Structure formats: structure tokens, C-alpha cells
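Here is the structure we will look at, set down as C-alpha cells.
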Amino acid sequence: MGVYTFTDETTTSVAPLWLFKALVIDCNNLVSKLAPDVKSIENVEGDGGPGTIKKITFVEGGPMKYLKHKIHVIDDKNLVTKYSLIEGDVLGDKAESVDYDAKFEASANGGCVNTTVTVYHTKCDYVVTEEEHNVHKDKANDLLKAIEAYLLANPSVYV
1 MGVYTFTDET TTSVAPLWLF KALVIDCNNL VSKLAPDVKS IENVEGDGGP GTIKKITFVE
61 GGPMKYLKHK IHVIDDKNLV TKYSLIEGDV LGDKAESVDY DAKFEASANG GCVNTTVTVY
121 HTKCDYVVTE EEHNVHKDKA NDLLKAIEAY LLANPSVYV
């Protein structure tokens with residue numbers, strides 16, 4: 001088993017608390033609405049806080065059927081969330097799990113800097129390359145940009 005860690009930073013033009021509320025607190029509703037490949041997001045265990053397991057079901061015909069995330073931390077004071085990808089066809093024979101540690105901080109221009117540390121726990125001798133990680137990072141950034149655009153177009157939500 002191997003462990004591979006990547007740290008990524010993304011900036012948006014919306015305030016950190018606003019983005020945190022949209023992406024973390026209201027994830028089940030907003031991500032389902034904005035991600036065209038997501039059919040639904042539901043809590044299969046828990047109430048949305050730490051210990052909750054979320055199941056993301058994708059539309060039929062896509063490369064993935066579902067994922068399950070376990071929430072470890074939702075800190076709305078420090079704007080930090082920690083969760084793990086614990087199940088789903090994307091893990092396949094490559095990884096046992098993937099841990100995410102995300103922090104939302106104010107940027108100088110009034111927007112947000114989102115720093116995410118991603119830790120892949122691989123099976124056997126599988127090696128996660130930077131190129132492979134970047135594919136996953138790009139998908140996450142696409143979702144982040146969609147949420148940013150939604151928030152800018154709807155300035156009265158999550159305030």
C-alpha cells in the first residue's frame with residue numbers, strides 16, 4: 001500500500017463563508033443541481049455532520065455509477081472540512097480510500113483561496129501520478145467554478 005499526497009490551491013471571486021455554505025453545508029442540493037453528471041446526493045447514514053456517509057449517484061451511461069464519502073469534520077467557524085472517499089467504482093483496484101482536507105480563506109481581493117490536501121491510500125504497489133491527480137483536480141475545479149458562477153448570478157443565496 002502506498003500513500004500519495006497532493007496540495008492544490010484554487011481561487012474564486014466569492015467570499016470564503018459564502019462558498020463554504022454552498023459547497024459544504026448545502027452540498028446535497030446545490031451540487032446535484034449544478035453538476036450535469038450527478039443524478040443525486042443523499043445522506044445514507046447520519047444527519048450531514050461528522051460521521052455522515054453521503055452517496056453520490058451519477059447519471060446512467062457515464063464512467064461512474066456512484067461514490068460514497070464519509071464526513072469527518074465540518075468546521076463552519078474556521079471554514080474547514082475533512083472527508084474521505086470510501087467507496088465507489090472510481091477507486092477500483094487502485095485505491096483503498098482518498099482523504100480530503102479543505103480550507104477556505106479570504107484572499108486580498110475579497111474572494112476566497114481554497115486549499116485542498118488530497119491523500120490517496122493506494123492498493124498494492126499502485127502509484128498515483130501527478131497527471132492522474134490533475135484529472136480529478138480539474139473535475140473538482142470545474143464544479144467549483146460552476147458554484148462560483150451560480151453564487152455570482154444569485155447573490156442573495158447563502159448570505
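Numbers 1 to 159, taken from UniProt numbering, label the letters of the sequence shown in order. Glycine is no exception: its CB is placed at the ideal position from the N, C-alpha and C atoms. None of the values given here were measured: they were computed from a predicted structure.
Contact defined as beta carbons within less than 8 Å: I believe residue i pairs with residue j. What is the distance between those atoms, to the nearest angstrom?
{"i": "Lys-54", "j": "Ala-95", "result": "So it is not a contact: roughly 18 Å between Cβ atoms."}
{"i": "Thr-52", "j": "Ser-40", "result": "In fact, because the Cβ distance is near 15 Å, the residues do not count as touching under 8 Å."}
{"i": "Val-44", "j": "Val-38", "result": "Their Cβ separation, rounded to whole angstroms, is 15 Å, which puts Val-44 and Val-38 out of contact at 8 Å."}
{"i": "Phe-6", "j": "Thr-118", "result": "5 Å"}
{"i": "Asp-14", "j": "Leu-151", "result": "Sequence inspection shows Val at residue 14; the Asp mentioned does not correspond to that position. The pair is a contact, with the Cβ atoms about 5 Å apart (cut-off 8 Å)."}
{"i": "Pro-50", "j": "Ile-74", "result": "6 Å"}
{"i": "Asp-99", "j": "Phe-20", "result": "Not a contact, Cβ separation roughly 19 Å."}
{"i": "Ile-8", "j": "Lys-137", "result": "First, the residue type needs correcting, since residue 8 is Asp and not Ile in the sequence shown. Between Lys-137 and Asp-8 the Cβ distance is about 5 Å, and since that is below 8 Å, they are a contact."}
{"i": "Asp-93", "j": "Met-64", "result": "Actually they do not touch by this definition, with Cβ atoms about 15 Å apart."}
{"i": "Thr-10", "j": "Asn-141", "result": "6 Å"}
When you compare each of the options to residue i by their alpha carbons, which one comes out closest?
{"i": "Asn-29", "options": "Pro-50, Ile-147, Ala-153, Leu-152", "result": "Ile-147"}
{"i": "Asn-154", "options": "Tyr-120, Glu-9, Trp-18", "result": "Trp-18"}
{"i": "Ala-149", "options": "Tyr-120, Asp-125, Gly-111", "result": "Gly-111"}
{"i": "Pro-16", "options": "Val-113, Asp-138, Met-1, Tyr-120", "result": "Val-113"}
{"i": "residue 160", "options": "Val-159, Thr-10, Lys-139", "result": "Lying before the first or after the last residue shown, residue 160 is absent from the chain, which here runs from 1 to 159."}
{"i": "residue 160", "options": "Ser-97, Asn-109, Ala-108", "result": "Because the chain in this structure spans residues 1 to 159, residue 160 falls outside the shown range and cannot be described."}
{"i": "Glu-132", "options": "Tyr-120, Leu-143, Asp-125, Asp-142", "result": "Tyr-120"}
{"i": "Leu-67", "options": "Glu-42, Asp-47, Gly-61, Gly-46", "result": "Glu-42"}
{"i": "Lys-33", "options": "Val-59, Gly-46, Thr-10, Asp-47", "result": "Val-59"}
{"i": "Asp-47", "options": "His-72, Gly-61, Gly-62", "result": "His-72"}
Just mark residue i as buried or exposed, buried being the case when its beta carbon has 16 or more other beta carbons within 10 Å.
{"i": "Asn-134", "result": "exposed"}
{"i": "residue 202", "result": "It is not possible to answer for residue 202, since the shown part of the chain is limited to 1 through 159."}
{"i": "Lys-70", "result": "buried"}
{"i": "Ser-156", "result": "exposed"}
{"i": "Leu-91", "result": "buried"}
{"i": "Val-24", "result": "buried"}
{"i": "Thr-12", "result": "buried"}
Using a Cβ distance threshold of 8 Å, determine whether the stretch 79-87 contacts the stretch 101-113, with at least three qualifying pairs required. yes
Identify every run of the beta strand (DSSP E) within the stretch 36-98, keeping only runs that are complete inside it and at least 3 residues long; order them along the chain. 38-45, 53-58, 66-75, 80-88
Only counting runs of 3 or more residues, tell me where the beta strand (DSSP E) segments fall wholly within the stretch 93-135, in order along the chain. 95-106, 112-122
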